[in-house]
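Under our numbering, the residues of the sequence shown are numbered 15 to 211, in order. Data first, discussion second: the structure below is written as structure tokens.
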Amino acid sequence: MLENIKKNFTESIQTKIAAAEALPESIEKGAKMMIEALIRGNKILSCGNGGSAGDAQHFSSELLNRYERNRPSLPAMALTTDSSTITSIANDFSYDEVFSKQVKALGQAGDILLAISTSGNSANVINAMQAALTRDMTIVALTGKDGGEMAGFLGENDVEIRVPSSRTARIQEVHLLVIHNLCESIDNALFPISHGD
Ligand SMILES: O=C(CO)[C@@H](O)[C@H](O)[C@H](O)[C@H](O)COP(=O)(O)O
Ligand SMILES: [Zn+2]
15 MLENIKKNFT ESIQTKIAAA EALPESIEKG AKMMIEALIR GNKILSCGNG GSAGDAQHFS
75 SELLNRYERN RPSLPAMALT TDSSTITSIA NDFSYDEVFS KQVKALGQAG DILLAISTSG
135 NSANVINAMQ AALTRDMTIV ALTGKDGGEM AGFLGENDVE IRVPSSRTAR IQEVHLLVIH
195 NLCESIDNAL FPISHGD
């Protein structure tokens with residue numbers, strides 16, 4: 015057991031080293047998209063399943079409340095939290111539509127969808143991306159493995175941030191680092207630290 019635990023730490027560190035080479039430009043593109051959307055008065059919707067649902071909420075809470083320092087609230091909403099909406103859509107229609115129906119109702123032109131899936135193959139996340147495109151939103155996709163079907167849905171105004179790993183847990187560990195980089199970039203751009211802070 016101890017050997018396996020140590021191996022997981024090593025694997026996670028190595029994945030982050032590989033990601034530090036592969037991802038900064040795409041993270042910067044995603045951050046700029048978000049900063050421009052927030053300056054325009056648009057919002058960011060986020061979604062994902064399982065651990066990625068937690069990541070979607072982690073991101074929205076850091077925009078709505080705070081990341082590392084106090085500043086005005088920013089408009090973001092995780093589509094993973096309203097159990098009445100999610101269970102009724104899954105019950106009456108399909109689990110594949112739990113996010114897309116919310117995007118169709120809440121998404122406005124210029125908004126951003128933060129779509130999170132380690133495999134890139136979660137049907138409800140892919141449907142949310144399709145719904146976002148019909149609303150003239152743009153997409154920041156956090157993926158892993160080979161990008162899955164999600165990779166094929168993205169246009170030049172979107173960005174895919176694909177973690178170079180084939181293991182869901184390792185991919186998720188880097189997704190959280192990506193999310194913190196997005197939050198930090200947004201804060202630094204919109205609320206630069208002034209002298210005396
Ligand atoms: O957190 C974990 C595994 O670390 C799981 O809950 C995992 O998120 C779930 O199996 C998801 O359904 C996987 O979906 P996806 O990342 O392929 O879109
Ligand atoms: Zn997990």
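Just so you know, even glycine gets a beta-carbon here, dropped at the ideal spot from N, CA and C.
Exposed or buried, residue 83, counting other C-beta atoms within 10 Å across all chains shown (16 or more means buried)? Flag for residue 83 reads exposed.
Burial state of residue 174, where buried means 16 or more other Cβ atoms lie within 10 Å: Classification for residue 174: buried.
Taking residue 147 as part of the alpha helix (DSSP H), name the residues at either end of that continuous run. Here the alpha helix (DSSP H) through residue 147 covers 137-148.
Whose C-beta lies closer than 7 Å to the C-beta of residue 184 among residues of the same chain, with five residues either side of it excluded? In the same chain as residue 184, and ignoring 5 residues on each side of it, the C-beta atoms closer than 7 Å to its own belong to 25, 26 and 29, in chain order.
Between which residues of its own chain and residue 40 is the CB-CB distance below 6 Å, once the five residues before and five after are set aside? Excluding sequence neighbours, residue 40 sits near 173 and 175.
Please say whether residue 57 and residue 86 have beta carbons closer to each other than 7 Å? Cβ atoms of residue 86 and residue 57: not closer than 7 Å.
Please give me, in chain order, every unbroken run of the alpha helix (DSSP H) with length at least 4 that falls completely inside the segment 182-209. The segment 182-209 contains, as complete alpha helix (DSSP H) runs of 4+ residues, the segments 182-204 (chain order).
Quick check: what's the CA-CA separation for residue 153 versus residue 36? The straight-line gap from Cα to Cα measures roughly 19 Å.
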